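Working notes, structure below.
Residue numbers (mature numbering (1 follows the signal peptide of the UniProt record, and there is no 0)): -17 to -1, 1 to 166.
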């Protein structure tokens, strides 16, 4: 019995060591927002609306699902049937792009971004989350436009509901107002 146990333990140890050497899979890169792209949630043409946009990649497919706003992106991400299926997502860094027409080069990982909710700017669907790659930029935006900072894991369906109903402030800018961005 001891003669079998030692080789068996050695094989298990080698298998476990081999698992640790595996290279992590590279994340699919953010895709450009094309003129005819429509929002995966609401169907609106993405390029015709202001504010930060989003993209999500599902585990089982390589194609980006695109969203006209961070609000729609998170409404999709936080649905129970989607939470375990999403590989990763991207949002526009508002500090690196115009609010009116976010730049495709300004995408950052949604899970690493800092968000401002309850501010006075409007996106495609009205109230939206302003997304930033750097906390200092998010704080500067908050000083100029109001709101509060939240992290990726703090954004849930309850927060999205309150934001959508206008319960988180941000009533200064009625309608679309000045869409020049955080410059």
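Every residue, glycine too, gets a C-beta built ideally from N, C-alpha and C.
All values derive from a computational prediction rather than experimental measurement.
Reducing DSSP to helix, strand and coil, say where residue i ends up.
i	result
residue 32	coil
residue 150	coil
residue 77	helix
residue 144	helix
residue 4	Note on residue 4: pLDDT 47, under 50, position unreliable in the model; the coordinate value appears next. Residue 4 falls in the coil class under three-state DSSP.
Starting from residue i, follow its DSSP beta bridges and name the residues at the other end.
i	result
residue 97	115, 134
residue 39	48, 72
residue 10	In the DSSP output, where bridge partners are listed per residue, residue 10 has none listed.
residue 91	74
residue 129	The partner list for residue 129 (beta bridge, DSSP) is empty, contrary to what the question assumes.
residue 26	Beta-bridge pairing links residue 26 to no other residue.
residue 109	106
Under a Cβ-count criterion, where at least 16 other Cβ atoms within 10 Å of its own Cβ denotes burial, should residue i be classed as buried or exposed?
i	result
residue 33	buried
residue 148	exposed
residue 10	exposed
residue 58	buried
residue 127	exposed
Quick one, are the C-beta atoms of residue i and residue j less than 8 angstroms apart?
i	j	result
residue 91	residue 73	yes
residue 146	residue 110	yes
residue 68	residue 47	no
residue 121	residue 132	yes
residue 39	residue 60	yes
residue 36	residue 25	no
Measuring CA to CA, which of the options is closest to residue i?
i	options	result
residue 97	84, 76, 103	76
residue 106	16, 11, 30, 12	30
residue 86	143, 17, 9, 8	17
residue 140	63, 11, 43	63
residue 102	93, 79, 41, 130	130
residue 112	119, 126, 134	134
residue 71	83, 82, 22, 44	44
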